[in-house]
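Asker: Using numbering that gives the first Met the number 0, the letters of the sequence shown map in sequence onto residues 0 to 377. No residue lacks a Cβ here, since even glycine has one placed at the ideal position from N, Cα and C. Please see the structure below; I have some questions.
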Amino acid sequence: MSAEDLPEPDRVEGAAHPRETLTLIGQEAAETAFLDAFGADRLHHGWLLTGPEGVGKATLAWRIARFLVAQPAGGTEDGLFGAPELPRTLALPEDHPVVRRSMVLSEPSIFLLRRGTNEKGDRRAAEILVGEVRALKRRMALSSADGGRRVIIVDAADEMNVSAANALLKLLEEPPANTVLLLVCHRPARLLPTIRSRCRELRLAPLSPAQMTEALADAAADLSPQEIEAVTELSAGSVGAALRLLNLNGLTLYGRLIEVLASLPDLDRPRALALSEAVAGRGREAELDLLLGLADIALSRLARAGVAGHPPERAAHPEEPRVIGRLAPDARAGRAWADIAQSASDRARRGRSVNIDTASLVFDMLTRMRETAASVAA
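See below:
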């Protein structure tokens, strides 16, 4: 089985791939910063696109890549009739040849580096391996820029293992002529400092509720205003996280978690057991990961509410303000929830790594929440 036969590692289920997305919402500042550098002839050869996962970094990378390879040779230099007018947007028409070719990964001037297959070839590798970087270099050696630019998109750069990162570093240290590298990165701290130092950073921000509404409408998500608000809160303004939440029925899952929290400190055991069983068993790994993430969010919201002295301004569930107000009434309670937030998350993920029964793992986490609620109420 080849990598082409497997699901794309940089595609969110239920959404168009970033290369198929021609509209970028809420990232005008990053786009303007790049256009300013291009117009001033200060185009760096390496760009690090950072920000939370799912806010449009890969979409921006593809917009930049298409824009660059579509520019005429000679760029912004003065011609017979003076300097050409500087572009005001990265967008290209949908019927532009570069757009059409990039949609099907056939644009010869754009190179994509992402996770390939594992050694058996039956699934995606967990990391970008050095072999993928070497294959990229071979493909580039066989191609010609023909006076135009070539662009490398790395999605995501923080998925490279050490050997792959060192191999890519050589490209950043001695970039091929007329070549720009765009590194999509969710967690810059995982990158080699030498890679970060050789790139100019473009930081993308989380989307506002209004921008999330627009983005989710583009993704054909039919949600009420209350659901949009809840999804925005739980996804921290990330469209990718929001779509994952919706695909896995995360709003219902969070509602069930809030119902359990509402029973604390007298834990509603039937509800807690039912929630534990809902994410247990083979094939439910994604739901389990989502529930653990939602538990992290709930604990963080409890901690911040206690320190701030009031529940979050926007609710992620209709009952959440009442539950949080009761469980985190003051700074002392906020500190208690902050303490358990990290320990509960670490304990649950350690349990996963040693294959502890999933239902027991989740019930243990809920029990620790009960203990914290009891200490707060004491």
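In the DSSP assignment, find the alpha helix (DSSP H) that holds R268 and state where it starts and stops.
Answerer: Translated into the one-based positions of the sequence shown, residue 268 becomes position 269. Residues R268 to A277.
Asker: For a quick check, are the C-beta atoms of L47 and R195 less than 8 Å apart?
Answerer: Numbered from 1 along the sequence shown, position 48 holds the residue referred to as residue 47. Numbered from 1 along the sequence shown, position 196 holds the residue referred to as residue 195. Yes, they are a contact pair.
Asker: Identify which residue in R325, D40, Q210 and L298 has its Cα closest to the Cα of S262.
Answerer: Locating residue 262 in the sequence shown gives position 263, where the first residue counts as 1. The residue with the shortest Cα to Cα distance from S262 is R325.
Asker: With which residues is M159 paired in a DSSP beta bridge?
Answerer: Residue mapping note: residue 159 aligns to position 160 of the sequence shown, counting from 1. Note: M159 sits in a beta bridge opposite I127.
Asker: When you compare each of L170, R255 and T212 to L408 by their alpha carbons, which one comes out closest?
Answerer: The requested residue 408 is not part of the displayed model; the chain covers only 0 to 377.
Asker: Determine the direct distance from the alpha carbon of E232 to that of I151, and round the result to whole angstroms.
Answerer: Along the sequence shown, one-based indexing puts residue 151 at 152. Along the sequence shown, one-based indexing puts residue 232 at 233. Looking at the two C-alpha atoms, the distance is approximately 34 Å.
Asker: Helix, strand or coil for V389? Go by DSSP, reduced to three states.
Answerer: The requested residue 389 does not occur in the structure, where the chain is confined to residues 0 to 377.
Asker: Please give me, in chain order, every unbroken run of the alpha helix (DSSP H) with length at least 4 that falls completely inside the segment 320-360.
Answerer: For the segment 320-360, whole alpha helix (DSSP H) runs of length 4 or above, ordered along the chain, are 330-352.
Asker: With R199 and H16 assumed to form a contact (beta carbons below 8 Å), what rounded beta-carbon distance in angstroms separates them?
Answerer: Here residue 199 refers to the residue found at position 200 when the sequence shown is read from its first residue. Here residue 16 refers to the residue found at position 17 when the sequence shown is read from its first residue. Actually they do not touch by this definition, with Cβ atoms about 25 Å apart.
Asker: Tell me the DSSP bridge mates of C198?
Answerer: As a first step, residue 198 is located in the sequence shown; it is residue number 199 there, counting from the start. According to DSSP, C198 bridges with nothing at all.
Asker: Can you list, in chain order, the residues of its chain with a C-beta nearer than 8 Å to that of R149? Leave out the 5 residues immediately preceding and following it.
Answerer: Here residue 149 refers to the residue found at position 150 of the sequence shown. The answer, listed in chain order, is V68, S108, I109, F110, M139, S142, P175, N177, T178 and V179.
Asker: Between the beta-carbon of S275 and the beta-carbon of A358, is there less than 8 Å?
Answerer: If you number the sequence shown from 1, residue 275 lands on position 276. If you number the sequence shown from 1, residue 358 lands on position 359. Yes.
Asker: Spell out the partners DSSP gives I109 in its beta bridges.
Answerer: Stepping through the sequence shown from its first residue, residue 109 is reached at position 110. Paired residue(s): V150.
Asker: Please determine, among E106, V161, L167 and R189, the residue with the shortest C-alpha to C-alpha distance to A134.
Answerer: In the sequence shown, the residue the question calls residue 134 occupies position 135. Taking only the C-alpha atoms, the option nearest A134 is L167.
Asker: Can you name the start and end residues of the beta strand (DSSP E) that L181 belongs to?
Answerer: For the purposes of this step, residue 181 is taken as residue 182 along the sequence shown, with counting starting at 1. Its beta strand (DSSP E) spans residues T178 to C184.
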